[in-house]
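As you go down the protein sequences, you meet chains A and B in turn.
Numbers 122 to 402, taken from the numbering used here, label the letters of the first sequence in order.
Numbers 122 to 402, taken from the numbering used here, label the letters of the second sequence in order.
We put the CB at the ideal spot given by N, CA and C, even for glycine.
What follows is one structure encoded as structure tokens, with my remarks underneath.
Protein chains: 2
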Amino acid sequence: MPIETVSTAKAHGGTLGVYKHDSASTGTGMTFSVFLPPQAEVGGKLPVLVYLSGLTCTHANVTDKGEYRKVCAELGIVFVAPDTSPRGEGVADDPAGAYDFGLGAGFYVNATQEPFARHYRMWDYIADELPALLAANFPVDLGRIGILGHSMGGHGALTLGLTYPDRFKSLSAFAPIVAPGQVPWGHKALGGYLGDDRAAWRAHDAVALIEDGKRPAGAVLVDQGDADSFLIEQLRPELLVAACEAAGVDLTMRLQPGYDHSYNFISTFMEDHVRWHAARL
Amino acid sequence: MPIETVSTAKAHGGTLGVYKHDSASTGTGMTFSVFLPPQAEVGGKLPVLVYLSGLTCTHANVTDKGEYRKVCAELGIVFVAPDTSPRGEGVADDPAGAYDFGLGAGFYVNATQEPFARHYRMWDYIADELPALLAANFPVDLGRIGILGHSMGGHGALTLGLTYPDRFKSLSAFAPIVAPGQVPWGHKALGGYLGDDRAAWRAHDAVALIEDGKRPAGAVLVDQGDADSFLIEQLRPELLVAACEAAGVDLTMRLQPGYDHSYNFISTFMEDHVRWHAARL
């Protein structure tokens, strides 16, 4: 699994790199960033956080704006930011070019519907291919992977963390889509990628997964801004709170007064999330 | 002097705002960002840092990537990021569209040469108009302004800080152009904006200003990456070290091993710079 180095730069005592590789999962080139803290030079394998971004994003958004490097350098955490969908020639997009489906909006599923089934396999990419690729190329300990994400990426983190608690040992999210089966973004994406059979959607809906008996590896941290314009229609954190309460899942849901859906919100609470994961990895 | 609010968002307990106004200096609309720390809600006037960006940048680069908000929120510092040139209809640009002259490259001078003299008046904008605009619209103390910047913006910070030590009470720079009269970027910019008479350039050359007797309000901090690809040809920090030594200016020049010219470098040392200014304002 060869990877190509796009760029590297020293940052906060460590190294911020951007890499490309040909993905077996998606059949496309995929770009991701990796921050290696200074502890990587000492030798040994480090815990790693995989951060899944939201609609319209690439690896670059959190890499530019996430403010994670200082605390990862302090704690010795590798931080990885993949893309949000396959891209490139021959990759199908939303017919109308909408921001919430197709390119930039892979929703972390394996699509079964045409014309998306060939390339839109972000579930396999994040769950299987990316961890193996990281282990083959960077000093990371596959026994200590945490997963977190924002919005659509929060959905991805929750569904992957609930499905594979043996792989993702810690779990958190910023303003996640907690129940795509019950909100417009999810109806469009899961319908488009997985078809009309709503039974198939439940494997990609955090609230449904908890109802169906899935459990995370441990406690879950969620931050949600109360001035987030998507809060009521698309995010609906109360559904996750109710599901976790009913199932006995240890959820810390923090409603942050005045914060919106942007990286101004994410960067404010990123350090808390990295420390949360570090304490559990 | 009315200003228009483009956007505001809560960040690190304070407020990140982007604003536009019609500038009397440049005769164009000008955009800038202001971070107000949480202390702004208590009342009273706060110290303010004006950060000048480098070639190709707008207000957005440091706003997105600068990682200054957490420490400014801790210390109660207002952080302001203006644009690097006039922009808009009728504003002259480099005839070849080069990145190092014209739009995005105002070099913090008042141009005397046509077709630039009408709009390219960034010196007056930063020295006079912006501080007055800030005082009229935000809780800032004009007796406690610090100035800092990167590359071309480091040049601007040094020349403004040396010329107006009564206005800019603290001074620092990341990878500044210290002697534009002696390097290619400066030859092009000062020649294009100020003409061929090199005597006129000395007022916009930090090393020449020190040679000509100008002194900053106090000690000066400069960080410079030793892996910066512009180091030898364009930045030449040794010229500033020599001028400060000869003149008895208290300069702390830190050569940072392995760092380049990017925001990976700037964001790493931003906290040090904000603390440096806060201790002096």
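Whole-number beta carbon distance between residue j and residue i, since they are thought to touch under 8 Å
i: Y246/B; j: Y314/B; result: That pair is no contact at about 14 Å.
i: H180/B; j: F200/B; result: Actually they do not touch by this definition, with Cβ atoms about 11 Å apart.
i: D326/A; j: P301/A; result: 5 Å
i: A310/A; j: A368/A; result: In fact, because the Cβ distance is near 25 Å, the residues do not count as touching under 8 Å.
i: V328/A; j: L372/A; result: Actually they are not in contact, since the Cβ atoms of V328/A and L372/A sit about 11 Å apart, beyond 8 Å.
i: A132/B; j: S174/B; result: So it is not a contact: roughly 19 Å between Cβ atoms.
i: V370/B; j: I331/B; result: 6 Å
i: F390/A; j: F295/A; result: 7 Å
i: G339/B; j: R401/B; result: 6 Å
i: V171/B; j: I266/B; result: 6 Å
Residue from the options whose Cα sits closest to the Cα of residue i
i: P123/B; options: H133/B, A132/B, G134/B and H142/B; result: H142/B
i: L352/A; options: V139/A, G274/A and I298/A; result: I298/A
i: A364/A; options: Y380/A, A399/A, D317/A and L283/A; result: L283/A
i: M243/A; options: G150/A, G334/A, L167/A and S350/A; result: G150/A
i: V395/A; options: D215/A, I268/A and Q377/A; result: I268/A
i: V343/A; options: P168/A, L356/A, N258/A and M374/A; result: M374/A
i: E125/A; options: P158/A, T233/A and L254/A; result: L254/A
i: N385/A; options: P159/B, D185/B, P168/B and P158/B; result: D185/B
i: P260/A; options: H133/A, A248/A and L167/A; result: L167/A
i: N258/A; options: W322/A, A348/A, H133/A and V169/A; result: V169/A
i: R323/A; options: P286/A, H276/A, D349/A and E354/A; result: H276/A
i: P378/B; options: G346/B, C193/B and S293/B; result: G346/B
i: G135/A; options: C193/B, S388/B, L176/B and P236/B; result: S388/B
i: G148/A; options: L279/A, A238/A, H308/A and G264/A; result: A238/A
i: N231/A; options: T280/A, Y220/A and R336/A; result: T280/A
i: D204/B; options: A217/B, A219/B, T129/B and V139/B; result: V139/B
is_contact[residue i, chain A] using C-beta, thresh 9 Å
i: G197/B; result: no
i: E392/B; result: yes
i: A130/B; result: yes
i: R190/B; result: yes
i: A348/B; result: yes
i: G277/B; result: no
i: D344/B; result: no
i: F386/B; result: yes
i: G175/B; result: no
Counterpart residues of residue i in DSSP-defined beta bridges
i: Q345/B; result: L376/B
i: H142/B; result: M151/B
i: E125/A; result: K141/A
i: G134/A; result: For G134/A, which the question treats as bridged, DSSP gives no partner whatsoever.
i: V261/A; result: L167/A
i: R357/A; result: In the DSSP output, where bridge partners are listed per residue, R357/A has none listed.
i: R242/A; result: N231/A
Residue-level contact to chain B via CB, residue i, 9 Å cutoff
i: D185/A; result: yes
i: T389/A; result: yes
i: H68/A; result: Here chain A has residues from 122 to 402 only, and residue 68/A is not among them.
i: L137/A; result: yes
i: S383/A; result: yes
i: Y380/A; result: yes
Continuous beta strand (DSSP E) assignments of at least 3 residues falling wholly in the stretch 267-330 of chain A:
289-295
What are the uninterrupted segments assigned as alpha helix (DSSP H) that are 4 or more residues long and contained completely in the stretch 155-237 of chain B, given in chain order?
181-186 and 190-196
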